[in-house]
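A short worksheet on the structure shown next.
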Amino acid sequence: MLSNLNTNLRKDVDAINKITVVPYLLEVICKSTGMGFAAIARVTETNWVTCRVQDEINFGLKPGDELAIETTFCNQVRQHKEPVIINEVATDEQYKTHPIPLQYGFQSYISVPIYRRDGSFFGTLCAIDTKPLIVDTPEIRGMFKLYSELISFHLEAVEELDRVSANLLEERKIAELRETFIAILGHDLRNPVSTTRMCADILLKISTDATALRQAEIIKATTYRMQGLIDNLLDFAMGHLGDGIQLELTSDNILLQKVLEQVMQEMKTLDSHHEIKESIRLIRPVNCDFNRVAQLFSNLLGNAIKHGAENQPIEVDIYSSEKEFVLSVSNAGEKISDTAMGNLFKPFFSENANRNKRSLGLGLYISSEIAKAHGGQLSAKSTQKKTTFTFNLPL
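For the sequence shown, the numbering used here assigns the number 34 to the initial residue and increments by one for each residue that follows.
Take a look at the structure:
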C-alpha cells in the first residue's frame, strides 16, 4: 500500500507513474513476449516495491505493494548488476529447485536493471508467466535493455521537473512573505511620515525665523517624497499579493485640477533646478480616481526632475477632449536607449544604475499599472533633445 511506504519510496513510485509512456511499454512487453505480467519495481537493499504493473494473469500486485526482498530475483539483479532470464524453470538446472519460483508459481521470468542517469541503481523492469516461454533471445534482451534506458531517461526528466517545481514553490512562498513584509512596513511608515509633515506645517505657521522656515519647507517636501515612495511600495506589494490597483472613480474636474496643481506645487518646493511650464485644459469631465492620477503625475514629474537636464524647463500638458484625457510630462535630456525603452515600465528597472544613484525603480511601473487600471495606457517617446511620457485615457 502506498500509504505504508516511507516518503522516499512513495516519491519513487509516484515518479514512475508520472511517466505517461510506461503503461504502453508494459503492454508491449506482454504482447511481444506472451508473458502475462510485467512490472517496474523500486529495489533497495531492504525493499521491493511495485511501481507500475500490467497484470493479465491476476498475479495480484498493485502499485505500492511490497514483497520481501529476499523472495525476489530482483535483489540478485541489484547485487550482480546482471539480468536474470529463465525460459522454463522446470528444465533450468540453476533454478528448477530454487524456492522463489516455487513460492510464486511462475515458469518463465525476465528481470533487467534500471539505472538512474547518475549511474545509481533504481530498480528492475521484469516480467513473469505461469507457462514456459522462450524469452532469452537477443531481440527480447535488446527490447528490455532499450525500455529500461527509456524509463531511466524519463525518470530523470520527471525528478528534475519535481525539483524545479519544489524550488519554484519555495521561491513563491519567500516572495509572498517579502511582499507581505513590504506592505506591513509601508503601512507602519505612513504614521511617522504624516506626523513629521504635521510638525513641519506647525513650524511654518508659528515660526518667524527665515532659516527655520526654510528647514521646515525642506522637511515638508521630503515627507511628500517619502509618502510617494511608500505609496509605490504598497501598490507594488498589493499588486503582487493579488489585490491589484484599487480605484475610486469620480467625475469632478475642479477637484482633479486642484489635486494636479498641488502635485506641481509640491514638486516645485522639492526642486529648484527646473522650471515647470504647465498647461491644464479640462473641457470634458474625466471619470477617474484623481488620487491615483495624482500619484501617476507625481511619479512622472519626479522622473523628469531626476533625469531631465538641469536648468531646462519641464513641460506639462494636461487636457480632456471629446475622445480622451491626456496627461504628458516632457523633459530635456539625453535620448533613452532602445534597450531601456523596452524595460521602462518593468519593476526595479533603472538604466545605468550605480551605487550612488540607485533607486527602487517602481515609479514608472506603478504609473503604468495605474494607467492600465483606468483602462488607459502610459507610453514613452524619446529623441535626442526631449523625452515625453504620456498617459492616454479614452473617454
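Quick reminder that beta carbons are idealized off the backbone N, C-alpha and C, glycines included.
Since this is a predicted model, take the numbers as computed values, not measurements.
How would you call residue i, buried or exposed, if buried means at least 16 neighbouring beta carbons within 10 angstroms?
| i | result |
| --- | --- |
| PHE177 | buried |
| VAL362 | buried |
| TYR57 | exposed |
| ASN91 | exposed |
| LEU360 | buried |
| THR83 | buried |
| THR420 | buried |
| MET231 | exposed |
| THR256 | buried |
| GLU299 | buried |
| MET197 | Inspection of the sequence shows that residue 197 is occupied by Val rather than by Met. Per the 10 Å Cβ criterion, exposed. |
| ASN80 | buried |
Indicate the three-state DSSP secondary structure (helix, strand or coil) for residue i in the structure shown.
| i | result |
| --- | --- |
| PHE381 | coil |
| THR255 | helix |
| ASP350 | strand |
| PHE177 | helix |
| SER361 | strand |
| GLU193 | helix |
| ASN37 | helix |
| GLY425 | The sequence shown places Asn at residue 425, not Gly. Strand. |
| ASN50 | helix |
| ILE167 | coil |
| ASN320 | strand |
| ALA123 | helix |
| GLY261 | helix |
| SER392 | Reliability fails at SER392, whose pLDDT of 48 lies under 50, so the model's placement of it is uncertain and the value that follows must be treated cautiously. Coil at SER392, not helix or strand. |
| PHE106 | coil |
| GLY93 | coil |
| TYR142 | strand |
| SER305 | coil |
| LYS372 | The residue you asked about is not Lys; residue 372 is Thr in the sequence shown. Three-state DSSP puts THR372 in a helix. |
Are residue i and residue j touching if we call contact CB-CB under 8 Å?
| i | j | result |
| --- | --- | --- |
| SER185 | ILE147 | yes |
| ASN320 | LEU282 | yes |
| ILE403 | ILE278 | yes |
| ILE287 | VAL349 | no |
| VAL168 | SER144 | no |
| VAL292 | PHE323 | yes |
| PHE422 | GLY409 | no |
| THR302 | ALA243 | no |
| ASN332 | LEU397 | yes |
| LEU280 | ARG317 | no |
| LEU59 | ARG43 | no |
Which same chain residues end up closer than 8 Å to residue i when comparing Cβ atoms and leaving out the 5 residues on each side of it in sequence?
| i | result |
| --- | --- |
| LYS164 | GLN140, SER141 |
| GLU246 | The question names Glu, but residue 246 is Leu in the sequence shown. Counting only Cβ-Cβ distances below 8 Å, and skipping sequence neighbours, we find LEU236, LEU237, SER240. |
With a threshold of 7 Å on Cβ separation, who are the neighbours of residue i within its own chain once the five nearest residues in sequence on each side are excluded?
| i | result |
| --- | --- |
| MET374 | ALA413, SER415 |
| ALA233 | ALA249, ILE252, LYS253, THR256 |
| PRO380 | PHE269, GLY394, LEU395, TYR398 |
Give me, in chain order, the residues of the same chain whose beta-carbon lies closer than 6 Å to that of residue i; leave out the 5 immediate sequence neighbours on both sides.
| i | result |
| --- | --- |
| GLN345 | ALA365 |
| ALA337 | ILE347, VAL362, ASN364 |
| ARG391 | Any reading at ARG391 needs caution, since the residue's pLDDT is 42, under 50, leaving its predicted position unreliable; the model's value is listed next. Once the five neighbours on either side are set aside, ARG391 has no close Cβ partner at all. |
I'd like to confirm something about residue i: is its beta-carbon nearer than 7 Å to some heavy atom of the ligand NAP, or not?
| i | result |
| --- | --- |
| HIS307 | The ligand NAP is absent from the structure shown, which contains no ligands of any kind. |
Would the segment 149-165 count as touching the segment 63-72 if we require 3 or more Cβ pairs under 8 Å? Contact between the segment 149-165 and the segment 63-72 is present: three or more C-beta pairs spanning the two stretches fall below 8 Å.
For the 8 Å Cβ check, are there 3 or more pairs between the segment 210-228 and the segment 77-96? No, the segment 210-228 is not in contact with the segment 77-96.
Any contact between the segment 101-112 and the segment 180-198? By contact I mean 3 or more CB pairs, one from each, below 8 Å. No, the segment 101-112 does not touch the segment 180-198.
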